[in-house]
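Enquirer: The opening position of the sequence shown corresponds to residue 1 in full-length UniProt numbering, with each subsequent residue numbered one higher. Beta carbons are placed, not taken as given, at the ideal position from N, Cα and C, and that holds for glycine. Keep in mind the model is a prediction, meaning the values are calculated, not measured.
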Amino acid sequence: MDDLAGYIPDFGFELNDLHRFSDDQIKGTVTIRVMMMLYKYIFEPELRHRLPDIFSLFKTLMEKETGLQYLEAVVRYLASVLDEDELSFKQIKEIAEQAISKNTGEYIMTLAEKLRNEGKLEGLVEGEKRGEKRGQKMGRL
């Protein structure tokens, strides 16, 4: 193990409570500010009211080639963390249309359909695996 000691990373880390900072105190690039604001409000009831401000930061990003990629990452994050009854794709679309543009809202709905299809596919694959395992068990009996 001593031979590998030089290859083991030794990192420090900082944990900051973003609730201690006002929204104006959160600085950095647009992408960093978007993610920090999302982390700050993701489990808060006021997220729905803060999303227009967060999405409005995307206006400058959407002018860049990577804007849609960042938006997709944010929507995927929201979809993976929140339940549909907390914040639906339709609500996200409406907020994006108001804060950014109508085209952005349409893109979000296309992405929502893509995510639903990916989820269905994952469900089918998982179901097939379970079916195979049950079949193998039945074959052993």
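What first and last residue would you give for the alpha helix (DSSP H) that runs through residue 2?
Expert: Locating residue 2 in the sequence shown gives position 2, where the first residue counts as 1. Premise fails: residue 2 is in no alpha helix (DSSP H) and is neither H nor E.
Enquirer: Straight-line CA distance for residue 9 to residue 63?
Expert: Position 9 of the sequence shown holds residue 9. Position 63 of the sequence shown holds residue 63. Taking the straight line joining both Cα atoms gives about 38 Å.
Enquirer: Counting C-beta neighbours from all protein chains within 10 Å, is the total for residue 39 16 or more, i.e. buried, or is it exposed?
Expert: On the sequence shown, residue 39 is found 39 positions in, with the first residue counted as 1. When all chains shown are included, residue 39 counts as exposed.
Enquirer: Quick check on residue 81: buried or exposed, where buried means 16 or more other Cβ atoms within 10 Å of its Cβ?
Expert: For this step, residue 81 is matched to residue 81 along the sequence shown. So residue 81 ends up on the exposed side.
Enquirer: Would you call the region 11 to 28 and the region 55 to 73 touching, i.e. three or more CB-CB distances under 8 Å?
Expert: no
Enquirer: Where does the unbroken alpha helix (DSSP H) through residue 25 begin, and where does it stop?
Expert: Here residue 25 is taken as the residue at index 25 of the sequence shown, counted from 1. Premise fails: residue 25 is in no alpha helix (DSSP H) and is neither H nor E.
Enquirer: Which residue wins for smallest C-alpha separation from residue 37, given the options 14, 74, 60, 13?
Expert: As a working mapping, residue 37 is identified with position 37 in the sequence shown. Considering only alpha carbons, the answer is 74.
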